[in-house]
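Take a look at the structure below.
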Amino acid sequence: MSKQVQAPNFYNTVENFFAKAAPYTGLDAGLLHQIKVCNSIYAIQFPVEITNKQTGKQEVKVIEAYRVQHSHHRLPTKGGIRYAPDVDQHEVMALATLMSYKCAIVHVPFGGAKGGVKINPKDFTEEELERITRRYTYELVRRNFIGPSIDVPAPDYGTGGREMAWIYDTYRTLRENEIDAAGCVTGKPVALYGIQGRTEATGRGVFYGLREACDNAEDMKRLKLKPGLGGKTMIIQGMGNVGSYSGTICQDEGGVKVIGVGEWDGAIYLESGIDVNKLLKVKQETGSITNYPGAKVFPKEDTNKILEMPCDILVPAALENQIHEGNAKNIKAKIIAEAANGPITSEAEEVLLKKGILIIPDVYLNAGGVTVSYFEWLKNLSHMRFGRMEKRFNQTSQERMLHVIEELTGRKIDPDLLRKVARGADEVDLVRSGLEETMARSYNFVNDFRQRHGIDMRTAAFAYAIKLIGDDYTSLGIFP
Ligand code: NAD
Numbered sequence: 097m098s099k100q101v102q103a104p105n106f107y108n109t110v111e112n113f114f115a116k117a118a119p120y121t122g123l124d125a126g127l128l129h130q131i132k133v134c135n136s137i138y139a140i141q142f143p144v145e146i147t148n149k150q151t152g153k154q155e156v157k158v159i160e161a162y163r164v165q166h167s168h169h170r171l172p173t174k175g176g177i178r179y180a181p182d183v184d185q186h187e188v189m190a191l192a193t194l195m196s197y198k199c200a201i202v203h204v205p206f207g208g209a210k211g212g213v214k215i216n217p218k219d220f221t222e223e224e225l226e227r228i229t230r231r232y233t234y235e236l237v238r239r240n241f242i243g244p245s246i247d248v249p250a251p252d253y254g255t256g257g258r259e260m261a262w263i264y265d266t267y268r269t270l271r272e273n274e275i276d277a278a279g280c281v282t283g284k285p286v287a288l289y290g291i292q293g294r295t296e297a298t299g300r301g302v303f304y305g306l307r308e309a310c311d312n313a314e315d316m317k318r319l320k321l322k323p324g325l326g327g328k329t330m331i332i333q334g335m336g337n338v339g340s341y342s343g344t345i346c347q348d349e350g351g352v353k354v355i356g357v358g359e360w361d362g363a364i365y366l367e368s369g370i371d372v373n374k375l376l377k378v379k380q381e382t383g384s385i386t387n388y389p390g391a392k393v394f395p396k397e398d399t400n401k402i403l404e405m406p407c408d409i410l411v412p413a414a415l416e417n418q419i420h421e422g423n424a425k426n427i428k429a430k431i432i433a434e435a436a437n438g439p440i441t442s443e444a445e446e447v448l449l450k451k452g453i454l455i456i457p458d459v460y461l462n463a464g465g466v467t468v469s470y471f472e473w474l475k476n477l478s479h480m481r482f483g484r485m486e487k488r489f490n491q492t493s494q495e496r497m498l499h500v501i502e503e504l505t506g507r508k509i510d511p512d513l514l515r516k517v518a519r520g521a522d523e524v525d526l527v528r529s530g531l532e533e534t535m536a537r538s539y540n541f542v543n544d545f546r547q548r549h550g551i552d553m554r555t556a557a558f559a560y561a562i563k564l565i566g567d568d569y570t571s572l573g574i575f576p
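Okay, so the sequence shown: first residue is 97 according to my numbering, each after it adds one.
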C-alpha cells in the first residue's frame, strides 16, 4: 500500500458497513447497538520458552493473544484462530463480528468469535509453535473461553489441522471427563475426529458462491459478461488454504481460466492461463510461485500490482485492507470475490461500486469453512461418521430398484453403469452436497434482499444477517 494512504482500521470498515446496512433492518437503535458490540473480549499475554536463533540460548518470550466473542445470541460461538504478526484487538474484533453475520447468512446456529496470536509462524520451530498453541489453549480453558458448548475455534490465516490437533489434545487433557471434547475445535485432521472435506471447504464454498453469482443473467448482462462461470478469467491473491482450493476447484470443476496469482514474495501473470495444480507443485518444490515457467513476474515490492490487472474475477484470498482508497480506482476486474475477510476498505468499496464492479462479500462468500465446521461439530457430538448408518442401505435399495427395472423392461443394465448409479453416499459426498445446498440457498436469500431494496450485495448481506440476529434477540428477550 502506498505510504500516503492511511487505510482505515479494519474494525472501522466493519462498523461502516454495519451503519450502511442498519436502516434496512427495521430494528430499533438499542437492539442495533447490542448486535453491533463485541460481547466478550479476552486479551492475554503469556510467556513461552524459545531458542534464540543467534545465541542458541533458551529465552522467555511474551506472546500477545486474543479471543473475542462477538455475539452470544446463539451458542456456542465459533470462529478461527489467526497467527500473524499484525494481529491486534481491533482486527480480532472485526473478524469476530464478521463471523456472527456469516453464521446467520448460512443459517449455522452459532454466535461469532475469533482468536488471534500476534506471531509470525515462520519465526518459530514446530516445537515452539506447539508450545505457543498449547499455552494459548490452556489460557482459553482457564477462562472458559473454549468448549463444545461455549466457543469452538477453527483454522484461519497461519493455522491449520496441525494446530487444531494440538488444541484438541490440550483441551481433552485438561477436561478429561468431557465426552464431547472433540467438539471443542473444528478443522482437525480427519484421522483425529475431523471431517472429510473441511480443508477444501472455504475454497469450495467460494466456487459454489461464484457459480451462483455468475448464473445471475441480469448481473452478467450489466457487466457485459456471458452468464455462467465457465470461460471466465480469474486473478487470485494468496495461494494458501483458501486461495489454492478456490483456484483449483474453480479451474477443474468450473472451467475458469486463472491468469494471475499473487503471493507475499511476488506475483505472476500469464494471459494464456496458469495451471493452478502445476503452480502449487512449483510453489512446493521451489518455495515460490514466481518460478512458474513462462509467466510475467512482478517482484515482491510490486506484488500487489496483480490486483490491478484486467480480468473477469478478482479473488483476494490473503488479508484485509488490500483494496483501499489508493488503488481502488485502478481495479479493472468486473467481479470481486471476497475469499479473504475484509479485503476491501469501506472507502474503496464506494469507488468500486461507482465503477459498477460486482462485489460478492466475505460474509457470504467465504462462509463455506464455518458451514463445514458446523458439520464437523455435529459429527463430534454424534460420535459417528456421516453416512455410516445409511450408505449400504441406500446402495442396496437402489440396486433392488434397478433390478426391478431390468425385470420389467427385460433389458440387462451394464454392470459398470449399475455400480455407478447404485451408490450410497460417503461422508465427503454428503459434506459437499450440504455445502452446495447452503451456498446456493444463502445466495438466493441475500440476492432477494438485495433486489427488494435495490442495494449492493454487501449491504444486503449485512442487513439480512443483522435482521436475523435481531429476530433471535426479540424472541429470546433480554435477561434478566
Ligand atoms: P493461509 O495462511 O493458508 O494463506 C494465506 C496466503 O496468503 C499465504 O500463502 C500467504 O503467503 C499469502 N499472503 C500473505 N501476504 C500476502 C500478500 N501481500 N500478497 C499475496 N499473498 C499474500 O490463510 P487462509 O486460511 O487461506 O486465509 C486467507 C484469508 O481467508 C484470511 O482473510 C482468512 O481470514 C480468510 N478465511 C479463511 C478461512 C479458512 O477456513 N481457512 C475461512 C474463512 C475465511
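No residue lacks a Cβ here, since even glycine has one placed at the ideal position from N, Cα and C. Remember, predicted model here, so these are calculated numbers, not experimental data.
Straight-line measurement puts the Cα of isoleucine 427 at about 37 Å from the Cα of methionine 260. The criterion of a C-beta distance shorter than 8 Å is not satisfied by proline 439 and proline 395.
In terms of Cα proximity to phenylalanine 220, the closest of Ser196, Ser167 and Ile159 is Ile159. In this structure, glycine 334 places its C-beta atom within 8 Å of the C-beta atom of alanine 436. The C-beta of aspartate 361 has fewer than 16 other C-beta atoms within 10 Å across all chains shown, which makes the residue exposed.
Positions of the alpha helix (DSSP H) runs, each at least 4 residues long and wholly inside the stretch 284 to 343, are given as 297 to 310 and 313 to 318 in order along the chain.
The closest heavy atom of the ligand NAD lies less than 7 Å from the beta carbon of proline 251. Remark: three or more beta-carbon pairs, one from each stretch, lie closer than 8 Å, so the stretch 384 to 398 and the stretch 362 to 371 are flagged as touching. With respect to glycine 301, cysteine 310 sits apart: the two C-beta atoms are not nearer than 8 Å. Separation of glutamate 421 and valine 202 (C-alpha to C-alpha, rounded to the nearest whole angstrom) is 30 Å. Around the beta-carbon of valine 459, 16 or more other beta-carbon atoms lie within 10 Å, marking it buried. Proximity to tyrosine 253 across Ile455, Gly175, Thr151 and Glu349 peaks at Gly175, based on C-alpha coordinates. For asparagine 462, the shortest C-beta to heavy atom distance toward the ligand NAD is below 7 Å. Tyrosine 560: member of the alpha helix (DSSP H) spanning 553 to 572, first to last residue.
In the assembly as shown, glutamate 434 is a buried residue. Its beta-carbon has 16 or more other beta-carbons within 10 Å. Glycine 152 is positioned such that its CB atom lies no closer than 8 Å to that of valine 188.
Annotation for asparagine 426 indicates a beta carbon at 7 Å or more from all heavy atoms of the ligand NAD. Contact check for glutamate 486 against glycine 530 fails: the beta carbons are separated by 8 Å or more.
For glutamate 381, the enclosing alpha helix (DSSP H) stretches over residues 372 to 382. For tryptophan 262, the shortest separation between its Cβ and any heavy atom of the ligand NAD does not lie below 7 Å. Using a Cβ-Cβ distance cut-off of 8 Å, the stretch 370 to 382 and the stretch 343 to 354 are in contact, since at least three pairs of beta carbons, one from each stretch, lie closer than that value. For leucine 410, the enclosing beta strand (DSSP E) covers residues 409 to 412. Residue pairing by DSSP places alanine 115 in no beta bridge whatsoever. Under the criterion of beta carbons closer than 8 Å, valine 357 and glycine 299 do not qualify as touching, at roughly 14 Å. Under the DSSP assignment, valine 459 falls in the alpha helix (DSSP H) whose first and last residues are 458 to 461. Taking C-beta separations shorter than 8 Å and ignoring five residues to either side along the sequence, the partners of tryptophan 262 in its chain run Glu226, Thr229, Arg230 and Thr233, following chain order.
Distance from the C-beta of alanine 287 to the nearest heavy atom of the ligand NAD is not below 7 Å. Taking the Cβ atoms as the reference, leucine 171 lies roughly 6 Å from glycine 207, within the contact range of under 8 Å.
Using a cutoff of 7 Å, the CB of methionine 535 does not count as near the ligand NAD, since none of the ligand's heavy atoms is closer than that. For valine 338, the CB falls within less than 7 Å of some heavy atom of the ligand NAD.
Threonine 295 is classed as buried because its beta carbon has at least 16 other beta carbons within 10 Å across all chains shown. In the DSSP annotation of this structure, the continuous segment of the beta strand (DSSP E) that includes lysine 210 starts and ends at 207 to 213.
When beta bridges are read from the DSSP output, isoleucine 137 appears opposite Val164. Across the structure, proline 576 and glutamine 165 are spaced so that their CA atoms are roughly 20 Å apart. Using a 10 angstroms sphere on the CB of arginine 238, the tally of other CB atoms stays under 16, which defines it as exposed. Going by C-alpha positions, leucine 477 is about 45 Å away from leucine 321.
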